[in-house]
């Protein structure tokens, strides 16, 4: 996949975000545009913005701050998933134990 295809895999909500995406497509080193999109990506579920974060850390592989943001998004998703699934599993265990 090309950089542009990966970056455009995310549907940005407004014109400011689309302009930032276009700026990155033209110049992958545009830190200001990346910052705008990073802030937006942090408000979304990781499944929706994972291609964006993959492109970010591919473009800036040695920037620990970007890796940290990406990892925090992944961990946040995992924690939310665990919190939603644990009550279901606990209920099934109780039902099996009762029967």
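Numbering (full-length UniProt numbering), first residue to last: 1 to 99.
Glycine included, each C-beta is placed from N, C-alpha and C at the ideal position.
Contacting residues, own chain, Cβ-Cβ under 8 angstroms from residue 17 (five flanking each side not counted)
One-based indexing of the chain shown puts residue 17 at position 17. Close CB contacts of residue 17 within its chain, under the 8 angstroms cut and outside five residues either way in sequence, are with 36, 37, 40 (chain order).
Integer-rounded CB distance, given that residue 46 should sit under 8 angstroms from residue 111 = Outside the shown range of the chain (1 to 99) lies residue 111, about which nothing can therefore be said.
I'd like to check one pair, residue 24 with residue 42: are the Cβ atoms closer than 8 angstroms? Walking along the chain shown from the start, residue 42 turns up at place 42. Walking along the chain shown from the start, residue 24 turns up at place 24. No. Outside cutoff.
Next item on the list: Determine the closest residue to residue 71 out of 52, 11, 88, with distance taken between C-alpha atoms.
Entry: Start at 1 with the first residue of the chain shown, and residue 71 comes out as number 71. The shortest C-alpha separation from residue 71 is found at 52.
Once you ignore the five residues that flank residue 1 on each side, which residues in its own chain have a CB closer than 8 angstroms to its CB?
Taking the first residue of the chain shown as position 1, residue 1 is located at position 1. With a pLDDT of 44 at residue 1, under the threshold of 50, the predicted position of this residue should be treated as unreliable, though the coordinate-derived value follows. If we look at residue 1 and ignore the five residues flanking it on each side, it has no Cβ neighbours.
Spatial distance of residue 11 from residue 98 (CA atoms)
Here residue 11 refers to the residue found at position 11 when the chain shown is read from its first residue. Here residue 98 refers to the residue found at position 98 when the chain shown is read from its first residue. Residue 11 and residue 98: Cα-Cα distance of roughly 48 angstroms.
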